[in-house]
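Peer 1:
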Amino acid sequence: MTLGAEDQTLALTGNDLSTIHAPISSLFADHLAKQTLDQFRLSDSQVSHFHDHGYVAGIPVLNHPQIEALIDELTEFFQSDHAGAEYWYEYNSNESIDPNTVLFHALGAWRIGSGFHDLLWHPAITVPASQLLGGSVRFWHDQLFCKPALHGGVVAWHQDYSYWTRTEPMAHLTCWIGLDHATTENGCLHYVPGSHKWDLLPITGLAGGMESIKQVLSDDQYEKMQNPVAVEMQAGQCSFHHPLMVHGSFQNKCDRPRRATVVNAVRDGVCAISNEPLLEGTDAIPVGQPLDGQFFPLLLDISESKE
Ligand SMILES: O=C(O)CCC(=O)C(=O)O
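Residue numbers (my numbering): 4 to 310.
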């Protein structure tokens, strides 16, 4: 089914969209046409920046109608009894451990909202992902990280791969996309450049204190943590970061929300190394088998883009 431009802001249907492995609307650019794909390629210097520093930021991904379509769906997601609520892998209306702050964090929006579903195939994400991963791009999972105005909570310093060790090899990538202008004031993402070359650190919590990570750092690493880069971006821009990049974000005390969506991808061929389901409510993938099937669609096959 392809929807026309007039149908772009659909109410949630309550259907599980994870059974559909292609865009269902025309909200985003053609994900197969080679000409379209080429226009989203990162420059050599952007790719080098990623490999040298562990991230690349300020990449345009969404225009205003696309941001609005996603915010419409997000606003419905905030009501916990919305249609399709049973499809979340994880849903935390407030993951913050500080009762005075709020961090909305949820995984699985692609199964519920057509905009978040179709976003996965958006060439502005898949083409750079393929360059940075060095191969075809497979979906891992998505995330929403939203901080309300005035009392938005922190996302404590962490490396993403600490949460993903049930999959190997480490060929994972995070694409963070702002749905609002992200600034220091409203709690933008911060990176510790070069930390992608550190060893894997143990989990020290996602929504606790910003100092929690200190217990697992060497003195030298802790010193480097003192000069993080604030990733200020316009709404609709994204950053890509390495799975070992240490990142986090501070409170939002200003009068604007800071809402973001995240697409986590892997290079095709990444395997399960646990017999447990990789995500809550999904079928287990046998140990040693590559991610595939209903919950892990191939987003960009580098052997198949048409002229
Ligand atoms: O949105 C944030 O502040 C944190 C995002 C994050 O931790 C991630 O994308 O892995």
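A virtual CB, placed ideally from N, CA and C, is assigned to each residue, including glycine.
Assign Pro231 to one of three DSSP states: helix, strand, or coil.
Peer 2: Taking the sequence shown and counting its residues from 1, the one referred to as residue 231 is at position 228. DSSP places Pro231 in coil when its eight states are reduced to three.
Peer 1: Count the CB pairs spanning the segment 100-115 and the segment 56-70 that are closer than 8 Å, and state whether there are at least three.
Peer 2: Result no; under three Cβ-Cβ pairs closer than 8 Å.
Peer 1: Here's the rule I'm using: 16 or more other beta-carbon atoms within 10 Å means buried, otherwise exposed. How should Thr129 be labelled?
Peer 2: Reading the sequence shown from its first residue, position 126 is the one you call residue 129. Under this definition Thr129 is a buried residue.
Peer 1: Do Leu40 and Pro126 have their beta-carbon atoms positioned less than 7 Å apart in this structure?
Peer 2: For the purposes of this step, residue 126 is taken as residue 123 along the sequence shown, with counting starting at 1. For the purposes of this step, residue 40 is taken as residue 37 along the sequence shown, with counting starting at 1. Yes, the Cβ-Cβ distance between Pro126 and Leu40 is below 7 Å.
Peer 1: At a cut-off of 6 Å, would you count Thr177 as near ligand 1, judging by its Cβ distance to the nearest heavy atom?
Peer 2: Here residue 177 is taken as the residue at index 174 of the sequence shown, counted from 1. Under cutoff, so the answer is yes.
Peer 1: Please report the residue range of the alpha helix (DSSP H) in which Ser242 lies.
Peer 2: Position 239 of the sequence shown, counted from the start, is the residue given in the question as residue 242. That residue, Ser242, is in no alpha helix (DSSP H); its beta strand (DSSP E) goes Gln240 to His244.
Peer 1: Quick one: residues in its chain with C-beta nearer than 7 Å to the C-beta of Leu302, no 5 flanking neighbours on either side, listed in chain order?
Peer 2: Residue 302 sits at position 299 when you count from the first residue of the sequence shown. These residues qualify, in order along the chain: Leu123, Trp124, Thr129, Val140, Arg141, Phe142 and Ala268.
Peer 1: Report whether the distance from the Cβ of Ser83 to the nearest heavy atom of ligand 1 is below 6 Å.
Peer 2: The sequence position of residue 83 within the sequence shown is 80, counting from 1. Incorrect: Ser83 has no Cβ contact closer than 6 Å to ligand 1.
Peer 1: So, at 6 Å on beta carbons, what are the nonlocal neighbours of Trp91 in its own chain, with the 5 sequence-adjacent residues on each side left out?
Peer 2: For the purposes of this step, residue 91 is taken as the residue at position 88 of the sequence shown. So the qualifying residues of the chain are Ala109 and Gly111.
Peer 1: Would you tell me roughly how many angstroms separate the C-alpha atoms of Leu20 and His34, rounded to the nearest one?
Peer 2: Against the sequence shown, residue 20 aligns to sequence position 17. Against the sequence shown, residue 34 aligns to sequence position 31. Going by the C-alpha atoms only, they are around 18 Å apart.
Peer 1: Would you kindly work out how many angstroms separate the C-alpha atoms of Gly156 and Tyr164, rounded to a whole number?
Peer 2: Against the sequence shown, residue 156 aligns to sequence position 153. Against the sequence shown, residue 164 aligns to sequence position 161. Spanning the two alpha carbons is a distance of roughly 22 Å.
Peer 1: Is the distance from the Cβ of Val1 to the Cβ of Val265 below 7 Å?
Peer 2: The first residue shown for the chain is 4 and the last is 310, placing residue 1 beyond what the model contains.
Peer 1: For ligand 1, any of its heavy atoms closer than 6 Å to the Cβ of Ala263?
Peer 2: Counted from its first residue, the sequence shown places residue 263 at position 260. At least one heavy atom of ligand 1 is nearer than 6 Å to the Cβ of Ala263, so yes.
Peer 1: For ligand 1, I want to know if Asp101 counts as a neighbour, meaning its beta carbon is within less than 6 Å of at least one of the ligand's heavy atoms.
Peer 2: For the purposes of this step, residue 101 is taken as residue 98 along the sequence shown, with counting starting at 1. False, no ligand heavy atom lies under 6 Å from that Cβ.
Peer 1: Taking 6 Å as the cut-off, is the CB of Leu301 close to at least one heavy atom of ligand 1?
Peer 2: Locating residue 301 in the sequence shown gives position 298, counting from the first residue. No - ligand 1 has no heavy atom lying nearer than 6 Å to the Cβ of Leu301.
Peer 1: What does DSSP give as the partner residue(s) for Ser215 in the beta ladder?
Peer 2: Within the sequence shown, numbered from 1, the residue matching residue 215 stands at position 212. Ser215 is not bridged to any residue.
Peer 1: Less than 8 Å between C-beta atoms, sequence neighbours within five positions excluded: which residues of the same chain meet that for Lys309?
Peer 2: Working through the sequence shown from its first residue, we reach residue 309 at position 306. With a pLDDT of 47 at Lys309, under the threshold of 50, the modelled position of that residue is not reliable, and no figure is offered here.
Peer 1: Does the beta-carbon of Tyr94 have 16 or more other beta-carbons within 10 angstroms, so that it is buried, or is it exposed?
Peer 2: What you label residue 94 is simply residue 91 of the sequence shown in a count that begins at 1. Buried, because 16 or more other Cβ atoms sit within 10 Å of the Cβ of Tyr94.
Peer 1: Using a Cβ-based criterion (distance less than 6 Å to any ligand heavy atom), does Leu20 qualify as near ligand 1?
Peer 2: One-based indexing of the sequence shown puts residue 20 at position 17. The answer is no for Leu20.
Peer 1: Straight-line CA distance for Glu235 to Leu247?
Peer 2: In the sequence shown, counting from the first residue as 1, residue 235 sits at position 232. In the sequence shown, counting from the first residue as 1, residue 247 sits at position 244. Cα to Cα, Glu235 sits roughly 21 Å from Leu247.
Peer 1: Measuring alpha carbon to alpha carbon, tell me which of Ser277, Asp271, Ser306 and Glu307 ends up nearest Gly296.
Peer 2: Stepping through the sequence shown from its first residue, residue 296 is reached at position 293. With distances taken between Cα atoms, Gly296 lies closest to Asp271.
Peer 1: Please classify Pro231 as buried or exposed, where buried requires at least 16 other C-beta atoms within 10 Å of its C-beta.
Peer 2: Counted from its first residue, the sequence shown places residue 231 at position 228. With 16 or more other Cβ atoms within 10 Å, it is buried.
Peer 1: Assign Pro131 to buried or exposed, taking buried as 16 or more other Cβ atoms, counted over all protein chains shown, within 10 Å of its Cβ.
Peer 2: Taking the sequence shown and counting its residues from 1, the one referred to as residue 131 is at position 128. Label assigned to Pro131: buried.
Peer 1: Could you tell me whether the segment 159-173 touches the segment 72-83, where touching means 3 or more Cβ pairs closer than 8 Å?
Peer 2: With the cut-off at 8 Å, the segment 159-173 and the segment 72-83 do not touch.
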